[in-house]
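Accompanying notes for the structure given below.
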Amino acid sequence: MADRLFRHSMTRIIAAFAVLSTLLSGCTHNNGDIGPWFGIWTLTSIEADGAPIADYVPNSIFWKFQSTVINITQLLDHHDCRDTFGTWRQAGDSQLELNFTHSDDTLHPGTELYAPPEILHLPSDICTLHIVRFTDKHIILTYISTDGVTYKYTLVK
């Protein structure tokens with residue numbers, strides 16, 4: 327009887343170890359490695375035609391890249407935050423395309439949850455940003471709006 331109880335306990339321990347091993351060896355980059363884009367980037371500054379945007383509080387917006395999804399989190403007053411989502415892709419060496427045309431059953435394309443924060447001055451559809459500088463710790467992007475204003479975004483990891 328004790329032998330059967332011991333074997334039953336060992337079987338449970340081995341099964342638990344197998345499940346734990348599987349969970350711990352899981353991927354941290356869903357859908358493969360996206361290289362240096364992966365992770366959380368802090369937006370340190372926004373400029374419009376070379377002048378800092380006065381309303382932007384430095385380090386209050388975070389761009390998070392994983393797979394093809396971009397999540398932009400904006401810290402608000404009273405420790406609140408606002409998350410927005412889109413998709414992204416790098417088009418060649420010099421362009422980053424952001425797509426905010428997504429929707430769900432309750433929200434229209436490019437609205438609320440699927441629109442970039444207004445302070446970024448990016449359109450709520452598909453926009454292309456020029457990659458000025460890109461390393462594994464520092465990104466500088468520019469975007470020229472339809473009214474001809476050049477916005478510069480500096481991000482650090």
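Note that our numbering has the sequence shown beginning at 327, numbered continuously upward.
Beta carbons are placed, not taken as given, at the ideal position from N, Cα and C, and that holds for glycine.
Quantities reported herein were computed from a predicted structural model and do not represent experimental measurements.
For Y382, the three-state DSSP class (helix, strand or coil): Note: Y382 maps to coil in three-state DSSP.
Starting from S371, follow the beta strand (DSSP E) in both directions and report where the run begins and ends. 365-374 is the span of the beta strand (DSSP E), which, as asked, contains S371.
Please classify Q400: is it buried, with 16 or more other beta-carbons within 10 angstroms of its beta-carbon, or exposed? Note on Q400: 16 or more other CB atoms within 10 angstroms of its CB, so buried under the neighbour-count rule.
Please name the residue in H405, H404, T368, I372 whose C-alpha comes closest to that of F391. Nearest of H405, H404, T368, I372 to F391, Cα basis: T368.
Can you tell me the Cα-Cα spacing of Y469 and T476, whole angstroms? Taking the straight line joining both Cα atoms gives about 6 Å.
Using DSSP's beta-bridge definition, name the partner residues of I387. Answer is L369, Q400, bridged to I387.
Among D451, T461, K478, T370, which one has its Cα closest to the Cα of T437? The shortest C-alpha separation from T437 is found at D451.
Nearest CA to the CA of I466: which residue from F364, S371, I360? Out of F364, S371, I360, S371 has the C-alpha closest to the C-alpha of I466.
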